[in-house]
Amino acid sequence: MSHQPSASSTADIAKNLPVLEHPDGSPIRALVVDDEAMLAELISVGLRMIGWEVQHAGDGPTALETARRFGPDVLVLDIMMPGFDGIELLGRIRSFLPEVPCLFLTAKDAVDDRIQGLAAGADDYVTKPFSMEEVMIRLHRLVQRSGIAVADDAELVVGDLVLNQDTREVTRGGEDINLTATQFELLRYLMENPRRVVSKAQILDNVWNYDFGGQANIVELYISYLRKKIDVGRDPMIHTVRGAGYVIKPVS
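Next up, the structure:
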């Protein structure tokens, strides 16, 4: 089972993610497929909180029929499920929705599943147990990258720190802050999780996409870069929580 997120933490993520919608104003459509009904419902509730239309199914054949009728913009697929597995399901759906992005849910120790899923064309994956907040952020990014949606609010705001996702401009207290591409992505991830401690492993997964194989020292280095640009000469916003990770929050 997944970790049960607190209502407040999920609401915080929903509040800080820019609302995505189609250019005609219609909501993003997500199809969630998992034979654990409570887990599928948990994900569906979180995605509805960010304004998406969601349908879910518990087996491969039902999911395939739902996809044909519903026309989802993004898929969340468990790998092991009745009927036929998520990898076969993705192939069948891609036969009529060839560009639809997909996130796989995998067992924590099933390395072969993750490799097989990515090789089959999945765009991302999360391992069980997972946090609902991480799933929301990953799916939000998948849809942003797909180009099928527009954001009605491109800005993330934490205190006097403002990040514009369209122009890639960052200011604090009205002063421009110049960041490299990786520094920008790290700051964006922190600002998508205001007041929430994120671990080095979570940062590696979300900012570096697994390329560094758990080398946590790269996170420490880039946090140091960010602090020099965001916090030097000002009251600090980026904090270390010993043994847990990092958190960004407004100055009290």
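Here our numbering is used: the first residue of the sequence shown is 70, the next is one more, and so on. Even for Gly, the Cβ is constructed at its ideal location relative to N, Cα and C.
Would you kindly work out how many angstroms separate the C-alpha atoms of residue i and residue j, rounded to a whole number?
i	j	result
Leu290	Gln252	10 Å
Ser200	Asp128	23 Å
Arg163	Leu211	16 Å
Ile82	Ala188	30 Å
Val320	Ile246	18 Å
Met107	Glu203	18 Å
Ile148	Pro87	29 Å
Leu232	Pro130	43 Å
Phe139	Arg98	8 Å
Arg311	Gly94	44 Å
Leu256	Gly152	42 Å
Lys318	Gly115	23 Å
Pro167	Val301	47 Å
Ile217	Asp142	8 Å
Thr309	Ser215	34 Å
Lys84	Trp277	24 Å
Leu89	His209	8 Å
Ala250	Asp192	21 Å
Gly242	Lys297	15 Å
Arg265	Val123	26 Å
Ala132	Leu230	42 Å
Ala109	Ala126	8 Å
Leu295	Ser268	16 Å
Name the DSSP bridge partner or partners of residue i?
i	result
Ala99	Val123, Val143
Gly245	Per the sequence shown, residue 245 should be read as Asp rather than Gly. In DSSP, Asp245 forms a bridge with Thr240.
Ala313	Paired residues: none, contrary to the question.
His308	Val316
Asn233	Glu224
Lys197	Ala176
Val267	Tyr315
Just to check my reading of the structure: residue i and residue j have Cβ atoms closer than 8 Å, yes? What is that Cβ distance to the nearest angstrom?
i	j	result
Asp104	Leu174	Not a contact, Cβ separation roughly 11 Å.
Gly186	Ile206	Not a contact, Cβ separation roughly 19 Å.
Ile119	Val101	Actually they do not touch by this definition, with Cβ atoms about 14 Å apart.
Leu323	Leu146	Here the chain comprises residues numbered 70 to 321, so residue 323 is not present and cannot be evaluated.
Val288	Ile272	5 Å
Got a sec: does the ligand HEM put a non-hydrogen atom nearer than 6 Å to the Cβ of residue i?
i	result
Lys298	This structure does not include the ligand HEM; it has no bound ligands of any sort.
Quick check on residue i: buried or exposed, where buried means 16 or more other Cβ atoms within 10 Å of its Cβ?
i	result
Gly314	buried
His91	exposed
Ser75	The predicted position of Ser75 is uncertain, since its pLDDT is 47 and thus under 50; no value can be drawn from it.
Asp304	exposed
Asp235	exposed
Asp181	exposed
Ile184	exposed
Pro198	exposed
_Is it the case that the region 255-272 contacts the region 222-233, given that we only count it when at least three CB pairs across the two stretches are under 8 Å?_
yes
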